[in-house]
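Undergrad:
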Amino acid sequence: MIRYSYLPLETIKNNINFYDLTRLDWNQFQFKRGVRYYKLSSDDTDRFYFVVNQFYNSLVIEDWIYYINKIADPTELEMGQEIILPDIQDIQDFLVDQLGVRS
938 MIRYSYLPLE TIKNNINFYD LTRLDWNQFQ FKRGVRYYKL SSDDTDRFYF
988 VVNQFYNSLV IEDWIYYINK IADPTELEMG QEIILPDIQD IQDFLVDQLG
1038 VRS
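Counting from 938, one number per residue, gives the positions in the sequence shown under this note's numbering.
(1) Does F987 pass the burial test, meaning 16 or more other C-beta atoms within 10 Å, or should it be called exposed?
(2) Less than 8 angstroms between the C-beta atoms of F985 and L1032, yes or no?
(3) Relative to the alpha-carbon of V972, which residue among S979, Y993, L961 has its alpha-carbon at the smallest distance?
(4) Can you tell me which of the three DSSP states R984 falls into?
(5) Which residue from F966, Q965, T982, R970 puts its Cα closest to that of K1020?
(6) Have a look at D980, R970, Q967, F966 and flag the residue whose alpha-carbon is nearest the alpha-carbon of T1012.
(7) Can you tell me which of the three DSSP states L1022 falls into?
(8) Assign R970 to one of three DSSP states: helix, strand, or coil.
(9) May I have the straight-line CA-CA distance separating A1009 from Y1003, to the nearest angstrom?
(10) Report yes or no: is there a C-beta of chain B within less than 8 angstroms of the C-beta of F1031?
Structural data, given as structure tokens:
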């Protein structure tokens, strides 16, 4: 999965580029294939990408997991916080539904 190739590129002043994940309707995300729950350790809060890589064998969807869990600021992750980890196919289905693309 290419991390952002399917989202419009936004440019703000000073020519800073970013991909706006907020354009997607995250309330429409569906857990069709069940979920896994993961309780964060203190190490996980500093290196959440390790958690993503452990469950998905890839780092490309880290931002998606933040949005699915309604985490606005990753620096505010807390030890003991429970994270929902959806099935990767549910994420791909969401992309198709929202953007009309298969990643």
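Glycine included, C-beta positions come from ideal geometry on N, C-alpha and C.
TA: Let's see:
(1) Taking the sequence shown and counting its residues from 1, the one referred to as residue 987 is at position 50. So F987 ends up on the exposed side.
(2) Along the sequence shown, one-based indexing puts residue 985 at 48. Along the sequence shown, one-based indexing puts residue 1032 at 95. For F985 and L1032, no; Cβs fall outside 8 angstroms.
(3) Start at 1 with the first residue of the sequence shown, and residue 972 comes out as number 35. For the options S979, Y993, L961, the alpha carbon positioned closest to that of V972 is the one of Y993.
(4) One-based indexing of the sequence shown puts residue 984 at position 47. When DSSP states are grouped into helix, strand and coil, R984 belongs to the coil group.
(5) Taking the sequence shown and counting its residues from 1, the one referred to as residue 1020 is at position 83. The residue asked about is misnamed: residue 1020 is Ile in this sequence, not Lys. Checked all of F966, Q965, T982, R970; the closest Cα to I1020 is T982.
(6) Numbered from its first residue, the sequence shown carries residue 1012 at position 75. Sorting D980, R970, Q967, F966 by C-alpha distance to the C-alpha of T1012 places D980 at the top.
(7) Numbered from 1 along the sequence shown, position 85 holds the residue referred to as residue 1022. Look at L1022 here: in three-state DSSP terms it is strand.
(8) The count along the sequence shown starts at 1 and reaches residue 970 at position 33. Note: R970 maps to coil in three-state DSSP.
(9) The residue given as residue 1009 occupies position 72 in the sequence shown. The residue given as residue 1003 occupies position 66 in the sequence shown. Distance between the alpha carbons of A1009 and Y1003: 7 angstroms.
(10) Within the model displayed, chain B is absent; a lone protein chain is all it includes.
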